[in-house]
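Residue numbers (my numbering), protein chains in the order written: chain Z, 1 to 353; chain U, 1001 to 1353.
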């Protein structure tokens, strides 16, 4: 696929998400990336690792997750994968920077792809080809490459990347980043064209990324220096991560660096950020209902009914989500899926009383 | 309250209902009469026994339930109450006839009140006074007295009693019985007046009832004769009940007998036949929601949310029932409460697969 020495390539999988949008199916001890949401019935993490395997062998795949999930995450990964627990969550910038330091120390001049663990991507070949192309550009041109997803709807929950001057086939300089726009702006982006969703999939050389971080976020770069002194990555991470600010890589680096490129994805992509998104990919019964597990729907239309460890029954509903899982129940209109977090917060507060 | 010798009076409580309308809160091992649906937070059965205690002492109260519920039912009854398990359900006529034979054998000339175990009645004094009046009439005039509830809405799920000639204060001969009328007929009944709901609350002498049964349903009377030969009521019931036809007392006796009277109730009454009926009697939050147990409602209006043994969470719903109980979940519009049985049937069928 490329002439570049593949042994310089690593993959970093970020598997720290809490996935509260699928509560009560998802929960702290089984977040979204561990749910059987992939099309093959496996977890999104396992599917991510299968895609990663086309980019690097297991021993050069690093999975970062929260400390309490390490064993469950490891069970979804190919043997030999390095799974490391973060003592605290500090968003993506510190995690990616720490991984960059590890890779650079092991393999000077290393490049790596950053993959979120909880997205759905079906076309593995197109994915591998795009990432190879992104890595090659990152290696040869010392640029920070972000994968841009051609938007299919005026989604307000994503970040948008506006492309600038062309820099190669499906590759562009980045003109602007926009975090979660209003509905009006999102519609304008789609109308104007030249905008992509920021999927959190990146490719860069470790040294190039760390140089950029030093410029854009020097305090964070300094906070991470202690890692270099630790013989063991886990020990070092446990020591330095709590001292880092919690900040996304988009905000810490990409929005400020001057060597950022966007590569337009040729693969399908879905962040499965809600019940509605998951349901779009599931088989439906003759009345449009998605039934999963112990689910019963009587005179229902266009509903999502999930029963795990118990029966979820719906009667006479339209466009509703009914979930019974882990000893709890959620019911809401499908279009309110973005707000499930508010309910899980309220439920947690109630449990804590 | 009366000059009649009270030691002739018994109470029969019918506690055999399965209460599938409250599934999954109710279930075979905890049917509606055992749920904490009474206003004081206790079970409807316990509340029924408290009312019964004004009519007869525990040793002259007989509770018939299904064999597998005997211990749970006994736990809700005053010490000394006789609780007998029916080996099979045969509707009300055989159960009442068997009890009549028992009472008549123990106390020739005995009278008794028949009380369903799963209705809600708050005014215990009015109830006791009405039943005393009904029993007195039954004893003195050898009539079969049924309590008529003044209807407050054109309910189609109840039987209606049309009153005939006056026979005393709030007492009338019965002109007609109508089982579950159409909506149109129910509305006509309310418009015309002189109709009552049949609440399944009766008062009569044991011998008068058995004479009537012999005339209206001779085969059933014959099938029960074996009871008289058994020294022990439970043993006799186990032997004869399976041989009896399953038939309601209304259909077997009241609709055919010529000595039936209706006494207009002066007490409140609700059969709590649905979630909506139960909710009408519960406190509500400022948006009209009834929250019971581990229940969370976010941006909901006029909903019923019940969480038992786990959290039930509702988001953005209007006039819905959300129940999490006994490891199962039901969601339906409140007005579909009458159809819950169809879901519990489907859920059971699913479990049995």
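Quick reminder that beta carbons are idealized off the backbone N, C-alpha and C, glycines included.
Going along the chain, which residues of its own chain have a beta-carbon closer than 6 Å to the beta-carbon of residue i, five neighbours each way excluded?
i                      : result
residue 189 (chain Z)  : 160 and 195
residue 1337 (chain U) : 1274, 1275 and 1276
residue 356 (chain Z)  : In the structure as shown, chain Z begins at 1 and stops at 353. Residue 356 (chain Z) is therefore absent and cannot be evaluated.
residue 217 (chain Z)  : 252
residue 1290 (chain U) : 1279, 1282, 1284 and 1304
residue 1255 (chain U) : 1177
residue 1010 (chain U) : 1056, 1060, 1103, 1110 and 1112
residue 369 (chain Z)  : Given a span of 1 to 353 for chain Z in the structure shown, any question on residue 369 (chain Z) remains unanswerable.
residue 326 (chain Z)  : 24 and 27
Less than 8 Å between the CB atoms is what I'm expecting for residue i and residue j, so what's the real figure, rounded?
i                      : j                      : result
residue 1186 (chain U) : residue 1155 (chain U) : 6 Å
residue 241 (chain Z)  : residue 94 (chain Z)   : 6 Å
residue 25 (chain Z)   : residue 321 (chain Z)  : That belief does not hold up - the Cβ atoms of residue 25 (chain Z) and residue 321 (chain Z) are roughly 10 Å apart, past 8 Å.
residue 343 (chain Z)  : residue 1315 (chain U) : 5 Å
residue 1302 (chain U) : residue 1293 (chain U) : The Cβ separation is near 18 Å, so there is no contact.
In whole angstroms, what separates the C-alpha of residue i from that of residue j?
i                      : j                      : result
residue 14 (chain Z)   : residue 99 (chain Z)   : 10 Å
residue 243 (chain Z)  : residue 236 (chain Z)  : 11 Å
residue 151 (chain Z)  : residue 174 (chain Z)  : 16 Å
residue 264 (chain Z)  : residue 167 (chain Z)  : 12 Å
residue 54 (chain Z)   : residue 60 (chain Z)   : 12 Å
residue 114 (chain Z)  : residue 71 (chain Z)   : 21 Å
residue 1212 (chain U) : residue 1319 (chain U) : 47 Å
residue 332 (chain Z)  : residue 346 (chain Z)  : 14 Å
residue 1158 (chain U) : residue 1311 (chain U) : 34 Å
residue 80 (chain Z)   : residue 110 (chain Z)  : 19 Å
residue 1082 (chain U) : residue 1306 (chain U) : 33 Å
residue 974 (chain U)  : residue 1086 (chain U) : Because residue 974 (chain U) is not part of the residues shown, which for chain U are 1001 to 1353, the question remains open.
residue 1172 (chain U) : residue 1148 (chain U) : 10 Å
residue 1266 (chain U) : residue 1133 (chain U) : 11 Å
residue 223 (chain Z)  : residue 247 (chain Z)  : 13 Å
residue 1350 (chain U) : residue 1180 (chain U) : 30 Å
residue 1225 (chain U) : residue 1182 (chain U) : 39 Å
residue 135 (chain Z)  : residue 1299 (chain U) : 47 Å
residue 2 (chain Z)    : residue 137 (chain Z)  : With a pLDDT of 45 at residue 2 (chain Z), under the threshold of 50, the modelled position of that residue is not reliable, and the figure given next carries that caveat. Looking at the two C-alpha atoms, the distance is approximately 11 Å.
residue 1220 (chain U) : residue 1249 (chain U) : 11 Å
residue 215 (chain Z)  : residue 8 (chain Z)    : 24 Å
Sorted by chain position, which residues of the same chain lie with C-beta nearer than 7 Å to residue i's C-beta, five sequence neighbours on each side aside?
i                      : result
residue 234 (chain Z)  : 84
residue 1066 (chain U) : 1016, 1085, 1086 and 1089
residue 1269 (chain U) : 1119, 1121, 1149 and 1199
According to DSSP, is residue i helix, strand or coil?
i                      : result
residue 1086 (chain U) : strand
residue 94 (chain Z)   : helix
residue 1005 (chain U) : A caution first: residue 1005 (chain U) carries a pLDDT of 41, below 50, which makes its placement in the model unreliable, though a value can still be read off. Residue 1005 (chain U) falls in the coil class under three-state DSSP.
residue 1037 (chain U) : coil
residue 278 (chain Z)  : helix
residue 257 (chain Z)  : coil
residue 11 (chain Z)   : strand
residue 203 (chain Z)  : strand
residue 55 (chain Z)   : coil
residue 1213 (chain U) : helix
residue 334 (chain Z)  : helix
residue 1069 (chain U) : helix
residue 208 (chain Z)  : helix
residue 30 (chain Z)   : strand
residue 224 (chain Z)  : coil
residue 350 (chain Z)  : helix
Using a Cβ-Cβ cut-off of 8 Å (strictly less than) and excluding sequence neighbours within five positions of residue i, which residues of its own chain qualify?
i                      : result
residue 50 (chain Z)   : 124
residue 209 (chain Z)  : 96, 97, 100, 144 and 253
residue 1340 (chain U) : 1020, 1021, 1022, 1023, 1274, 1275, 1330 and 1332
residue 104 (chain Z)  : 110, 206, 207 and 210
Pull the bridge partners of residue i from the DSSP assignment, please.
i                      : result
residue 1172 (chain U) : U:1166 and U:1262
residue 1196 (chain U) : U:1161
residue 1324 (chain U) : U:1307 and U:1329
residue 1292 (chain U) : U:1306
residue 1297 (chain U) : U:1314
residue 1400 (chain U) : What the structure shows of chain U is the stretch from 1001 to 1353, and residue 1400 (chain U) is not part of that stretch, so it cannot be assessed.
residue 1344 (chain U) : Bridge partners of residue 1344 (chain U): none, in fact.
residue 1270 (chain U) : U:1120
residue 1149 (chain U) : U:1197
residue 233 (chain Z)  : Answer by DSSP bridge pairing: none, since residue 233 (chain Z) is not bridged.
residue 177 (chain Z)  : Z:161
residue 1048 (chain U) : In DSSP, residue 1048 (chain U) forms no bridge with anything.
residue 189 (chain Z)  : Its beta-bridge partners do not exist; DSSP assigns none.
residue 1111 (chain U) : U:1009 and U:1205
residue 1240 (chain U) : Paired residue(s): none; residue 1240 (chain U) is not in a bridge.
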